[in-house]
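A.B. asks: One structure is given below, represented as C-alpha cells, and several questions about it will come after.
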Amino acid sequence: MPPQPSATRDPQVERKEPRRGHSRRQPLRPPLPIQISAIRSHINGWCSIHSTTISSQLPPIRKTKLTNPTPPPPMDAAATAATATAAAAMVWFRKGLRVHDNPALDAARRGGAAARLYPVFVLDPRYLRPDQAAPSPGSARAGVARVRFLLESLSDLDARLRRLGSCLLLLRARDDGDVAGTVCAALKDWNIGKLCFESDTEPYALARDKKVMVSDQSTLLSIGFLMKPEIFQSVLIDFAAASGIDVFSPVSHTLFDPAEIIEKNGGRPPMTYQSFVAIAGEPPEPIMEEYSELPPVGDTGEYELLPVPRVEELGYGDISQEDLSPFRGGETEALKRMRESLHDKEWVAKFEKPKGDPSAFLKPATTVLSPYLKFGCLSSRSTKKHTNPPVSLTGQLLWRDFFYTVAFGTPNFDQMKGNKICKQIPWTENEELFPAWRDGRTGYPWIDAIMIQLRKWGWMHHLARHSVACFLTRGDLFIHWEKGRDVFERLLIDSDWAINNGNWMWLSCSSFFYQYHRIYSPTSFGKKYDPNGNYIRHFIPVLKDMPKEYIYEPWTAPLSIQKKANCIIGKDYPKPVVDHAIASKECKKMMGEAYASNRLDDDKPDKGKSSNSSRRKLSAGSQVTPNSSKTKQLKRSS
Numbered sequence: 001m002p003p004q005p006s007a008t009r010d011p012q013v014e015r016k017e018p019r020r021g022h023s024r025r026q027p028l029r030p031p032l033p034i035q036i037s038a039i040r041s042h043i044n045g046w047c048s049i050h051s052t053t054i055s056s057q058l059p060p061i062r063k064t065k066l067t068n069p070t071p072p073p074p075m076d077a078a079a080t081a082a083t084a085t086a087a088a089a090m091v092w093f094r095k096g097l098r099v100h101d102n103p104a105l106d107a108a109r110r111g112g113a114a115a116r117l118y119p120v121f122v123l124d125p126r127y128l129r130p131d132q133a134a135p136s137p138g139s140a141r142a143g144v145a146r147v148r149f150l151l152e153s154l155s156d157l158d159a160r161l162r163r164l165g166s167c168l169l170l171l172r173a174r175d176d177g178d179v180a181g182t183v184c185a186a187l188k189d190w191n192i193g194k195l196c197f198e199s200d201t202e203p204y205a206l207a208r209d210k211k212v213m214v215s216d217q218s219t220l221l222s223i224g225f226l227m228k229p230e231i232f233q234s235v236l237i238d239f240a241a242a243s244g245i246d247v248f249s250p251v252s253h254t255l256f257d258p259a260e261i262i263e264k265n266g267g268r269p270p271m272t273y274q275s276f277v278a279i280a281g282e283p284p285e286p287i288m289e290e291y292s293e294l295p296p297v298g299d300t301g302e303y304e305l306l307p308v309p310r311v312e313e314l315g316y317g318d319i320s321q322e323d324l325s326p327f328r329g330g331e332t333e334a335l336k337r338m339r340e341s342l343h344d345k346e347w348v349a350k351f352e353k354p355k356g357d358p359s360a361f362l363k364p365a366t367t368v369l370s371p372y373l374k375f376g377c378l379s380s381r382s383t384k385k386h387t388n389p390p391v392s393l394t395g396q397l398l399w400r401d402f403f404y405t406v407a408f409g410t411p412n413f414d415q416m417k418g419n420k421i422c423k424q425i426p427w428t429e430n431e432e433l434f435p436a437w438r439d440g441r442t443g444y445p446w447i448d449a450i451m452i453q454l455r456k457w458g459w460m461h462h463l464a465r466h467s468v469a470c471f472l473t474r475g476d477l478f479i480h481w482e483k484g485r486d487v488f489e490r491l492l493i494d495s496d497w498a499i500n501n502g503n504w505m506w507l508s509c510s511s512f513f514y515q516y517h518r519i520y521s522p523t524s525f526g527k528k529y530d531p532n533g534n535y536i537r538h539f540i541p542v543l544k545d546m547p548k549e550y551i552y553e554p555w556t557a558p559l560s561i562q563k564k565a566n567c568i569i570g571k572d573y574p575k576p577v578v579d580h581a582i583a584s585k586e587c588k589k590m591m592g593e594a595y596a597s598n599r600l601d602d603d604k605p606d607k608g609k610s611s612n613s614s615r616r617k618l619s620a621g622s623q624v625t626p627n628s629s630k631t632k633q634l635k636r637s638s
C-alpha cells in the first residue's frame, strides 16, 4: 500500500501537502544506503534501455511535436539543479480522468513560480490493438464502445487542461503492458522531482505501479527484499523520496480508503453492506477550488507526443453509426449528466435502485453515471446526499466502496478457486451454449436483446444484467460465472474490476447472496416492464413485426403468424437453446447439491466476519455432474 514518503527524503526537495485528499500510510523500515545505491544503479541502467522513442505496435497514428500552450519563461541562470528538479512535477493519469476534485493534480500543480507540470497518460497497445479473433469489433481486452469511451475521455481531459494553459502528454508503451517502463523513462528524461498519481487497488494496478521504480522484482530479491506488491510499492516510495522524487498517491477513486476500512475492522474486510457503512462513517469532502490556470508544461525534449487517436484510426473495420454507444465519454459530459439528473428533485427523492425499468433504453431509468465513475471522469465525492442508503444515489456509491474494500482484502477475489468467500460449484462447460449466450443467440428474445445492447452500446440496465447473469449461471445454462465476467469485462464501458467480479459472484449465488431458488424468468420478467416488446424490437429487428402475444416466446407462434411476421423460428431467429422449465429445475437441484458440499458457517455474515471460514471444499468424488436429461436439454436446438 503506498504511504506518504518517509522522513528520509532529500532535504532539498520541497514537499507540499495538498489541502485535501489522503494517502495510505504504512510504517516501514527505510532501505539501507547500499540497497538504495544498488536499486538506483539498476534503475538508471534499465531506464536508459527504454529510450525516449516510443515505438508503435498499433496502426499508424498521427504524431505531433508538443507545442506548449504557454511557453515556459527562461529559468533564472542562478537557479540550482535541485530547485529545477523540485519544480518539475508529473501527474500520471490512469483513472481519475478529470480536473475537478483531483488531489493528485492539485498536489502536482503546487510548485511555486518556477513550477513545470507534466500531465501524462500512457496508452497500452494491448488495450487498443485490433483482434480479428475477438467475437466482436475491438481489441482482445476491450470492445469498440469501451475504447471509444476512453478516447473521448482523454480528448475531453486534454481540452480542459488546455483551457487552463496546460495539455495532456499522451505516450504509448513501448512494449505490451510496459506502461510502468514508459513512465520510468519519462521520470528520468524529464528530471521529475515530484510524481503524483491516484491510488489504485486493483491487482493489475498494484503490479504496474510497483514497476515504476524498478523493472522487475528479481532486482530487489538480489539485495534481500521479498515482499508482497503493496509492501514492495511502499519501499519503492521510500526509495523515491531518498532519490529526490517525491511521490504522492492519494485515495480519490473511492469515497474511502479500503485499507483503512479493513484496518478498522480488525484486519478483515466487512462482509456485509451494513457493517461496511457502520465502519466507514462520513466520506471526506471534495476539493472545491476551481483552477483558473495550471503551471506550464515543461520541456519534453525529443519525445514524440501523440494526439488522442480516433477510434476509426485503430483498424477495427467499418463501424456503422447504429453501433455507436449513445454515452459520450469525458468529464464535461459527466458533469452535465450529473447536473441534469440532480436537477429533477422529485426523481432524485424517489430514486430507488431496485425499482427501475430495465427495458427503458431511449431514456434509461438510471443516471448512467457508472462509466464516468469507472474512468474517474466524475468524482464519487462530488455527489450530494439526497435519499437514504442503501437504495439511494448515495447508497449506490457506498455499495461501490463496499465491493472495492472486499475485493482489496480478499485474495483471488476474481476467481472461484482459492477464493475463501466464494462457494465451490461444479459449473459445466459447453462450447455451444456459451457463444449462443455471448452473441445473443439463445432463442430467448429478452436475453438476446440485452446481450446485443451490451455489444453495441457497452451498457445495459442493472436489472437486465441480473437477467442474463442468472440465465448463464444458476438459472438455465449452469456455466461458470467467470466466463460471463470476462464478457462483461471486455464490453461494458463501466466495467470495474471489483464491482464486476463481486456482482457475478452475487448473481451466481457464489457469494454475498445465497437464495439460489429465486430465478429471473427469461420470458415473464421483461414482459412486466415492456409488454409490447419495444426493447426487443429495437435490438432484434428480425422480430419487429412479431405480435406482442408472441414477442417474448416467438417459438410458440403458429407458423402462419411467423410467416406473416417474416420471421421463421429456427431459420430467421434461433429456437430456444434450453427449455427453461426443465433447465431451471435441474440448476436448482445442482445448486442444492453444491451447497450441501460447500456448507458455510451457520452464522450469518452480519458482523463484518467472513461468512465461510469453515467451508468444506468439494472433493473430486463429491462433484455433481449433469444427468442425462439435463445434458439433452442443454444441447442447442437447430
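Going left to right, the sequence shown walks through residues 1 to 638 as UniProt numbering numbers them.
Cβ coordinates follow ideal geometry from the N, Cα and C atoms, glycine included.
(1) State the DSSP-derived secondary structure class of F512, mapped to helix, strand or coil.
(2) Based on Cα-Cα distance, which residue from Q274, V122 and G138 lies nearest to R129?
(3) Cα separation between Q35 and G244?
(4) Report buried or exposed for V214, applying the criterion of at least 16 other Cβ atoms within 10 angstroms of its Cβ.
(5) Taking one C-beta from the stretch 404-418 and one from the stretch 355-364 each time, how about it: are there three or more such pairs within less than 8 angstroms?
(6) With DSSP run on the structure shown, which of helix, strand or coil describes Y444?
(7) Where do the ends of the alpha helix (DSSP H) carrying R163 lie?
(8) Among S597, P295, D494 and I447, which one has its Cα closest to the Cα of A108?
(9) In whole angstroms, what separates the C-alpha of Y372 from that of V578?
(10) What residue from K456, S199 and W555 has the CA that sits closest to Y573's CA?
(11) For D101 versus R381, is the C-beta spacing smaller than 9 angstroms?
(12) So does the stretch 185-204 actually touch the stretch 331-338, counting three or more Cβ pairs closer than 8 angstroms?
(13) Just grab the DSSP bridge partners of K483 for me.
(14) In whole angstroms, what separates the C-alpha of I319 from that of R455?
(15) Tell me the rounded alpha-carbon separation between A512 and L168.
(16) Please confirm whether V308 and R116 have their CB atoms less than 9 angstroms apart.
(17) So, helix, strand or coil for V147, using DSSP?
(18) Ends of the alpha helix (DSSP H) at V183?
(19) Give the straight-line distance between the Cα atoms of F93 and S467, rounded to the nearest whole angstrom.
(20) Could you tell me the boundaries of the alpha helix (DSSP H) in which L169 lies?
(21) Count the other CB atoms within 10 Å of the CB of S166; is the residue buried (16 or more) or exposed (fewer)?
(22) Once the 5 residues before and after P326 are set aside, which same chain residues still bring their CB inside 8 angstroms of it?
(23) If you run the structure through DSSP and keep just helix, strand and coil, what is Y291?
(24) With three or more beta-carbon pairs closer than 8 angstroms as the criterion, would you say the stretch 504-519 touches the stretch 474-485?
(25) For the putative contact between H461 and T366, defined by C-beta atoms under 8 angstroms, what is the C-beta separation to the nearest angstrom?
(26) Roughly how many whole angstroms lie between the Cα atoms of H580 and A104?
(27) Identify, in the order they occur along the chain, each residue of the same chain with its Cβ nearer than 7 angstroms to the Cβ of Y529, setting aside the five sequence neighbours on each side.
(28) Just checking, does the stretch 170-183 make contact with the stretch 483-493 on the three C-beta pairs under 8 angstroms criterion?
(29) Check K374 in the structure and name its three-state DSSP category.
(30) According to DSSP, is F225 part of a helix, a strand, or is it coil?
(31) Can you say whether A594 is buried or exposed, counting buried as having 16 or more other CB atoms within 10 angstroms of its CB?
(32) Please report the residue range of the alpha helix (DSSP H) in which D200 lies.
(33) Do G570 and Y552 come within 9 angstroms of each other at the CB atom, strictly closer than that value?
(34) Would DSSP call R116 helix, strand or coil?
(35) Could you tell me whether the Cβ atoms of L97 and F375 are closer together than 9 angstroms?
(36) Where does the unbroken alpha helix (DSSP H) through F403 begin, and where does it stop?
C.D. replies: The short version:
(1) coil
(2) G138
(3) With a pLDDT of only 36 at Q35, under the threshold of 50, the placement of this residue in the model should not be trusted, and no figure is reported.
(4) Because V214 sits at a pLDDT of 46, beneath the cut-off of 50, its placement in the model cannot be relied upon, and the point is left open.
(5) no
(6) If DSSP states are grouped into helix, strand and coil, Y444 belongs with coil.
(7) First-last for R163: undefined, no H or E at that position.
(8) P295
(9) 37 angstroms
(10) W555
(11) yes
(12) The stretch 185-204 is not in contact with the stretch 331-338.
(13) Looking at the DSSP assignment, K483 forms no beta bridge with any residue, so it has no partner.
(14) In this structure, the alpha-carbon of I319 lies about 12 angstroms from that of R455.
(15) Looking at the sequence itself, residue 512 is Phe, so the reference to Ala does not match. Distance between the alpha carbons of F512 and L168: 41 angstroms.
(16) no
(17) helix
(18) V179 to D189
(19) 35 angstroms
(20) Premise fails: L169 lies in the beta strand (DSSP E), L169 to R172, not in any alpha helix (DSSP H).
(21) By the beta-carbon neighbour count (other beta carbons within 10 angstroms, threshold 16), S166 is buried.
(22) W457
(23) coil
(24) A contact exists between the stretch 504-519 and the stretch 474-485.
(25) 7 angstroms
(26) Computed Cα separation, rounded: 51 angstroms.
(27) D357, P358 and S359
(28) No, the stretch 170-183 does not touch the stretch 483-493.
(29) helix
(30) Summary for F225: the model assigns pLDDT 30, below 50, so the residue's position carries little reliability, and this model does not support an answer.
(31) buried
(32) Per DSSP, D200 lies in no alpha helix (DSSP H) and is assigned neither H nor E.
(33) no
(34) strand
(35) Yes.
(36) Unbroken alpha helix (DSSP H) run through F403: L393 to F408.
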